[in-house]
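2 protein chains.
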Amino acid sequence: MDAKGRKILVADDEPDILEVLRYNLIREGYDVITAKDGDDALLKAKSTRPDLIILDIMMPKKSGMEVCEILRSQPMFHETLILMLTALNDEGFQVKGLESGADDYVTKPISPKVLISRVAALLRRSSKESSETLLKRGNLTIDPSKFEVTVDDRQVVLAKKEFELLHLLASRPGRVFLRNEILNQVWGNDVIVGDRTIDVHIRKIRQKLGLDCISTVKGVGYKFVN
Amino acid sequence: MDAKGRKILVADDEPDILEVLRYNLIREGYDVITAKDGDDALLKAKSTRPDLIILDIMMPKKSGMEVCEILRSQPMFHETLILMLTALNDEGFQVKGLESGADDYVTKPISPKVLISRVAALLRRSSKESSETLLKRGNLTIDPSKFEVTVDDRQVVLAKKEFELLHLLASRPGRVFLRNEILNQVWGNDVIVGDRTIDVHIRKIRQKLGLDCISTVKGVGYKFVN
DNA sequence: CAGGGTATTAAAAAATTGTAAACTTGGACC
DNA sequence: GGTCCAAGTTTACAATTTTTTAATACCCTG
Chain A
118 MDAKGRKILV ADDEPDILEV LRYNLIREGY DVITAKDGDD ALLKAKSTRP DLIILDIMMP
178 KKSGMEVCEI LRSQPMFHET LILMLTALND EGFQVKGLES GADDYVTKPI SPKVLISRVA
238 ALLRRSSKES SETLLKRGNL TIDPSKFEVT VDDRQVVLAK KEFELLHLLA SRPGRVFLRN
298 EILNQVWGND VIVGDRTIDV HIRKIRQKLG LDCISTVKGV GYKFVN
Chain B
118 MDAKGRKILV ADDEPDILEV LRYNLIREGY DVITAKDGDD ALLKAKSTRP DLIILDIMMP
178 KKSGMEVCEI LRSQPMFHET LILMLTALND EGFQVKGLES GADDYVTKPI SPKVLISRVA
238 ALLRRSSKES SETLLKRGNL TIDPSKFEVT VDDRQVVLAK KEFELLHLLA SRPGRVFLRN
298 EILNQVWGND VIVGDRTIDV HIRKIRQKLG LDCISTVKGV GYKFVN
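Quick note, the sequences are listed as chains A and B, same order.
Note that the working numbering gives residue 155 to position 38 of the first sequence, counting from 1, and the numbers run on in steps of one.
Note that the working numbering gives residue 261 to position 144 of the second sequence, counting from 1, and the numbers run on in steps of one.
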């Protein structure tokens, strides 16, 4: 589906399991990073900042639970999704797992179908939430749930497409969005509109905001700066 | 914890399991209603409007899945939490369960500790305000228990749909409700009515209230402002 | 200074909503 | 059963806003 670009870190000490998970997740279109023990997982989590982390409970160096607690204690991973793999009937762990900050767990033996389904459910939920949470960039505030934009306490009324376009750009400050990406995200894959349409909307946003927060990258696209 | 007043409906055909669950949930401070099969569950769900429904997948009369789908198709239960009890390794069901609209599932054999933990997690997540409390928004008062609306001490009589629509919008001031959301919440998932219906009702509300408290967000929906 | 790209503008086209009025339905009442 | 009434829905059209197109001006780079 729309799994593109989602990074998943999988940590398990059994190479076979790791490979099965990697294979299945990649087939679904996710970017997969693997780790072979607790310390490795921590290291790779920091360097790659995945969207979701799958942790086996039983691992050398550090257990999944320990890794989970360490991650959760850092603001960087406060929002990162964590899914635990636990042994069957391991009540204590299941309860502790949820308490230690995991978002979900799947019991072993792992069925790829179930795992994929859970992973998708988690990502779906979080992406829904993120598209509804308040976005603050300096003196600019974007509230998708209220469909409101504020600049220095002054409320600005944007039309639908303008809002969506601004929201897209502001969701990843600094990152350049190609004109194609913008068309796909805001207009949809199938809709065909002329190229100048984007310019016009950008102009209206700039005008209404009275703020120079969108910069042009000639020949490439637009990006949000602050 | 803060389980006070939370109603939980438990449906399972095995009396022993039912009793164990009931005992444990009551000990946690929940109000528990029990049902012995699918039809019974539907009946009691409608009459008691629980906050959370625990459904065994395998039940006489109607399976947990069927019950779940029927419930989800009614606006009354759109927000109600549903937790499924599935047999171990029952992959197909687990996947289908999540797809059919359940919020979570727990595998049998059930451990009370795990179940309690999951139930608490679900209820925590959805700490929505009850739809039966008095709402005051400026000079507007909405009393769902009496089905009354007041503007500056002047009582306004609204029809059922009008009332529900206003109550929905006012329940989250500022938040935009998409036309789809409105249709689902007020009319129900399965009911098919024309698009203009919403406009007409909005108009009647505006007219009757003589108050400009509902603002249009073109291409998106409506929201309550004060 | 030519060429590829972007900005600006105005106006056309499309989409969306507001409104009034007609129609449908289901229940209360006789 | 028939009649009336009110809520709810649909329809059709007007009013409005948003979105797109198109034409032109601009601006940087090689």
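Glycine included, each C-beta is placed from N, C-alpha and C at the ideal position.
What you are looking at is a predicted structure, and each value in this text was computed from that prediction instead of being measured.
Answer with yes or no whether the minimum CB distance from residue i to chain A is below 7 angstroms.
| i | result |
| --- | --- |
| residue 292 of chain B | yes |
| residue 255 of chain B | no |
| residue 246 of chain B | Confidence in residue 246 of chain B is poor, its pLDDT being 46 and thus under 50, which makes the residue's placement unreliable; the coordinate value appears in the next sentence. No, its Cβ sits nowhere closer than 7 angstroms to a Cβ of chain A. |
| residue 343 of chain B | no |
| residue 131 of chain B | no |
Below 9 angstroms on C-beta distance, what does residue i contact in chain B?
| i | result |
| --- | --- |
| residue 262 of chain A | 289, 291, 292, 293 |
Any beta carbon of chain B sitting closer than 7 angstroms to that of residue i?
| i | result |
| --- | --- |
| residue 277 of chain A | yes |
Whose Cβ in chain A lies nearer than 8 angstroms to the Cβ of residue i?
| i | result |
| --- | --- |
| residue 340 of chain B | 263, 264 |
| residue 58 of chain B | Outside the displayed range of chain B (118 to 343) lies residue 58 of chain B, so it cannot be described from this structure. |
In chain B, what lies closer than 7 angstroms to residue i by C-beta?
| i | result |
| --- | --- |
| residue 224 of chain A | 224 |
What residues match up with residue i in a beta bridge as DSSP calls it?
| i | result |
| --- | --- |
| residue 201 of chain A | A:172, A:222 |
| residue 260 of chain B | B:265 |
| residue 151 of chain A | A:127 |
| residue 331 of chain A | A:341 |
| residue 253 of chain B | B:258 |
| residue 271 of chain A | A:268 |
| residue 295 of chain B | B:338 |
Report task. Assess, as a yes-or-no matter, whether the region 311-327 of chain A is touched by the region 150-158 of chain B under the definition of 3 or more beta carbon pairs within less than 8 angstroms. Result -> no
Query - Three or more C-beta pairs below 8 angstroms linking the region 229-237 of chain A and the region 253-265 of chain A - result: no
Requested in this report: Decide yes or no for the touch test of the region 332-339 of chain B against the region 288-296 of chain B: beta carbon pairs closer than 8 angstroms, at least 3 of them.
Outcome: yes
Query raised in the report: Taking three-plus beta-carbon pairs below 8 angstroms as touching, is the region 133-141 of chain A in contact with the region 159-168 of chain A?
Result: no
Report task. Please list the residues of the region 317-340 of chain B that have a C-beta atom closer than 9 angstroms to any C-beta atom in chain A, keeping them in chain order. Result -> 334, 335, 336, 337, 338, 340
Query raised in the report: Is the region 122-138 of chain B in contact with the region 168-184 of chain B, if contact means three or more CB pairs nearer than 8 angstroms?
Result: yes
Report task. Examine the Cβ distances between the region 181-192 of chain B and the region 296-314 of chain B and report whether three or more of them are shorter than 8 angstroms. Result -> yes
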